[in-house]
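Numbering (this note's numbering), first residue to last: 29 to 170.
Now the structure itself:
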């Protein structure tokens, strides 16, 4: 999702434009990885010194509700990134160190079950956590 598309989603749902919301969306788009609310706040404090953690967290929750961002939880902490631009069904590998993601183009659910009897699946989430090559090499993980 682009910054402009995200701002349009807010407008279409009756939420007013604010510079803080746009700045948060721009950070998420630029970083292109999962961020904590604290990481986003730290990047915004230079321009908005009175900005609170609660404001960031409420806006991230709103963005998630509206489908602007995706959310995952790592070590009990929520992390957010812009909604993936790939429209077809897929899943992600997520780096525990830097938050970078990589697409998995096959669906493991299909290999496990296919279509189960007497149950209609409407959504599911499959994420694999580990370390990207760069983080694994710098931390000697293997």
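The beta carbon of each residue, even a glycine, is placed where N, CA and C say it ideally should be. It should be emphasised that the depicted structure is a prediction, and the values quoted were computed from it without experimental measurement.
Element boundaries [alpha helix (DSSP H), containing residue i]
i: residue 111; result: Premise fails: residue 111 is in no alpha helix (DSSP H) and is neither H nor E.
i: residue 85; result: 81-93
i: residue 50; result: 47-59
Buried or exposed (CB count within 10 angstroms, at least 16 for buried), residue i
i: residue 47; result: exposed
i: residue 107; result: buried
i: residue 140; result: exposed
i: residue 109; result: buried
i: residue 129; result: buried
Backbone secondary structure at residue i - three-state DSSP
i: residue 150; result: coil
i: residue 123; result: strand
i: residue 64; result: strand
i: residue 131; result: strand
i: residue 140; result: helix
i: residue 39; result: helix
Span of the beta strand (DSSP E) around residue i
i: residue 100; result: 97-102
i: residue 155; result: 155-158
CB-CB length for residue i against residue j, believed under 8 Å
i: residue 38; j: residue 94; result: 7 Å
Review point. Would you say the stretch 72-83 touches the stretch 43-59, given that touching needs at least three Cβ pairs under 8 Å?
Key: yes
**Study point:** the stretch 56-65 touching the stretch 93-106, judged by at least three CB pairs closer than 8 Å
**Key:** yes
Check your understanding: How about the stretch 133-141 and the stretch 117-125: do they share at least three Cβ pairs that are nearer than 8 Å?
Key -> yes
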